[in-house]
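> Numbering (the UniProt record's numbering), first residue to last: 1 to 91.
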Amino acid sequence: MTETHRPRVKYVIGPDGSPLTIADLPPASTKRWVIRRKAEVVAAVRGGLLSLDEACTRYTLTVDEFLSWQMSIDQHGLAGLRTTRLQQYRM
1 MTETHRPRVK
11 YVIGPDGSPL
21 TIADLPPAST
31 KRWVIRRKAE
41 VVAAVRGGLL
51 SLDEACTRYT
61 LTVDEFLSWQ
71 MSIDQHGLAG
81 LRTTRLQQYR
91 M
């Protein structure tokens, strides 16, 4: 039986509205996660540029960490990704 694979897209629309390719993503060695970088990774996974597993492996993230970024964007927009505001949003 053959497996059905979703075709990989060449680009997705990034958080700022511009096209985002694999080459535009943060480097795999990223240690400092600013809002823009988190939003780019979330956009890449949502758009099919990377799978969730690929993103977690590439950036050494846990699934819970990635999902928390995604939920923060859904609930509070990009401002929800600010670590200094995390406590205010959780209340």
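Yeah, the Cβ is synthetic: ideal placement off N, Cα and C, and Gly gets one too.
Mapping the DSSP letters down to three states, classify L86 as helix, strand or coil.
Here the question's residue 86 lines up with position 86 in the sequence shown. Any answer about L86 is weak, because its pLDDT of 49 lies below 50 and its placement is not dependable; what the coordinates show is given next. It is helical.
> Who are L20's beta bridge partners in DSSP?
Taking the first residue of the sequence shown as 1, we reach residue 20 at position 20. Paired residues: V12.
> Residues in the same chain with beta-carbon distance under 6 Å from R8, minus the five sequence neighbours each way, listed in chain order, please.
Within the sequence shown, the letter at position 8 stands for residue 8. Here the set comprises nothing.
> Do V41 and P26 come within 8 Å of each other at the CB atom, strictly closer than that value?
As a working mapping, residue 26 is identified with position 26 in the sequence shown. As a working mapping, residue 41 is identified with position 41 in the sequence shown. In contact: P26 and V41 (Cβ atoms closer than 8 Å).
> Just mark I73 as buried or exposed, buried being the case when its beta carbon has 16 or more other beta carbons within 10 Å.
The residue you call residue 73 lines up with position 73 of the sequence shown. By the neighbour-count rule (16 or more Cβ atoms within 10 Å), I73 is buried.
> Compare the beta carbon distance of I22 and L52 with 8 Å and say whether it is the shorter of the two.
Sequence index remark: in the sequence shown, residue 22 carries index 22 (1-based). Sequence index remark: in the sequence shown, residue 52 carries index 52 (1-based). For I22 and L52, no; Cβs fall outside 8 Å.
> Classify A55 as helix, strand or coil using the three-state DSSP reduction.
Locating residue 55 in the sequence shown gives position 55, counting from the first residue. Reduced to three states, the DSSP call for A55 is helix.
> Straight-line CA distance for V12 to D24?
Walking along the sequence shown from the start, residue 12 turns up at place 12. Walking along the sequence shown from the start, residue 24 turns up at place 24. Those two C-alpha atoms are separated by around 11 Å.
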